[in-house]
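Working notes for the structure below.
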Amino acid sequence: MRVVVFGADTAIGRETVTDLVFRGHRVSAVLTDPAHAPADWADRVHLHVGDPLDTAVVDAAVAQNEVVINVLCAVRNWRRSNLTVNATPAIVGSMNQHGRTRYIGLQPAALFDHARYPDTWRRSARLLWRGWCPRLCREVATDFHSVASSALSWTLVRHAPLTEGPSRGVRHVGMTHRDVIGASITRTDAARFLAAQALETSYICAAPAISN
């Protein structure tokens with residue numbers, strides 16, 4: 001498959017690109033600075049260098065690929081607090097324009113604003129997150145609705161807090177409003193799960209949460 005990764009200059013973006021290459025996909029990476037590309041990407045990853053809010057950059061990346069993976073939510077820069085909110089609709093619009101349908105995104109599981117939780121602990125955690133990070137909660141909800149309201153074959157992967165370290169395997173996959181999800185997941189495992197969705201069909205139009 002021809003797969004493009006937006007946010008490839010983030011840690012999880014680089015991991016995702018590397019895993020996609022390992023799986024045999026033809027991979028493109030959208031990044032703001034070519035210096036952020038690891039040396040082992042040479043001759044194996046096609047680079048699209050530019051701002052992910054630049055429509056020309058987005059169109060070029062989307063037009064040349066069949067699957068889009070968006071990990072821009074991993075960009076933590078106070079100057080670009082609305083990066084995902086602005087970039088996701090542009091990516092979705094470009095996919096519609098070019099007839100691309102497979103979209104895979106990434107979101108922090110704890111921040112999603114579920115209206116109903118089955119237990120007191122998760123209802124309390126939801127209220128705490130809304131109090132601590134109201135802007136980020138709004139951004140995550142806006143990003144979700146931009147994708148879920150589209151006609152794309154989308155999957156939004158919600159991750160527990162990311163940790164460093166070697167792969168431990170994804171132990172839990174479920175829905176945050178009904179299933180028990182663990183407290184963390186390694187960045188390597190999250191990237192591998194994202195890369196696997198390029199050919200996976202189990203979670204079309206779903207938002208599975210993952211953890212170790």
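In the UniProt record's numbering, the protein residues as written are 1 to 212. Note that CB positions come from ideal geometry on N, CA and C, so glycine has one too.
For residue 212 against residue 171, the beta-carbon gap comes to about 5 Å, under 8 Å, which counts as contact. Scanning the segment 30–81 for uninterrupted alpha helix (DSSP H) segments of 4 residues or longer gives 55–63, listed from N- to C-terminal end. Counting C-beta pairs with one atom in each stretch, the segment 14–34 and the segment 79–99 have fewer than three that are closer than 8 Å, which means they do not touch. Ranked by Cα distance from residue 178, the options 209, 43 and 45 are led by 209. Taking residue 150 as reference, the option from 96, 166, 190 and 139 with the minimal CA-CA separation is 96. About 7 Å separates the CB atoms of residue 30 and residue 57; that is less than 8 Å, so the two are in contact.
Remark: C-beta atoms of residue 5 and residue 69 approach each other more closely than 7 Å. The three-state secondary structure of residue 17, taken from DSSP, is helix. When secondary structure is reduced to three states using DSSP, residue 100 falls in the coil class, being assigned neither helix nor strand.
Straight through space, the alpha carbons of residue 84 and residue 3 are spaced by roughly 19 Å. In this structure, residue 106 lies near residue 73, with their beta-carbon atoms less than 7 Å apart. Rounded to whole angstroms, residue 168 and residue 13 show a C-alpha spacing of 19 Å.
Collapsing the DSSP output to three states places residue 10 in coil.
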